[in-house]
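**Student:**
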Amino acid sequence: MTAPAEDLVCSRKGCRAAATRAVLWRNPKIHDESRQKVWLACDEHESFLQEYLAKRSFPVRTCAVEAIPPDAG
Ligand SMILES: [Zn+2]
331 MTAPAEDLVC
341 SRKGCRAAAT
351 RAVLWRNPKI
361 HDESRQKVWL
371 ACDEHESFLQ
381 EYLAKRSFPV
391 RTCAVEAIPP
401 DAG
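Shown next, in the form of structure tokens:
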């Protein structure tokens, strides 16, 4: 990740806050285990997005935006 943090915006609908966290997840029905989807999150919405996915029983974890795996997307 070489882009400045200011260019990363929270994935929560309607939120324009700078993203500081990444939510890494996959849907086991359509993604194999090597795939990781990334949603960006501001401090406020990290838990919202994580819980949204966890409720669907999707594997989910979070990390700092600086720590997003290069193969995730
Ligand atoms: Zn947000």
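Our numbering numbers the first residue of the sequence shown as 331 and each following residue consecutively.
Glycine included, each C-beta is placed from N, C-alpha and C at the ideal position.
Pick helix, strand or coil for C345, following the three-state DSSP scheme.
**Tutor:** Here C345 sits in coil by DSSP.
**Student:** Between the alpha carbons of S341 and Q366, how many angstroms are there, rounded?
**Tutor:** Rounded to whole angstroms, S341 to Q366 spans 15 Å at the Cα level.
**Student:** Looking at C-alpha atoms only, which residue of P399, I398, V390 is the closest neighbour of R356?
**Tutor:** The candidate whose alpha carbon is nearest that of R356 is V390.
**Student:** Around the C-beta of A333, are 16 or more other C-beta atoms found within 10 angstroms, so that it is buried, or is it exposed?
**Tutor:** In this prediction, A333 scores a pLDDT of 49, lower than 50, which makes its location untrustworthy; no coordinate-derived value is stated.
**Student:** Using a Cβ-Cβ cutoff of less than 8 Å, which residues in the same chain neighbour H361 once the five nearest sequence positions on both sides are dropped?
**Tutor:** Within the same chain, H361 has close Cβ partners K367.
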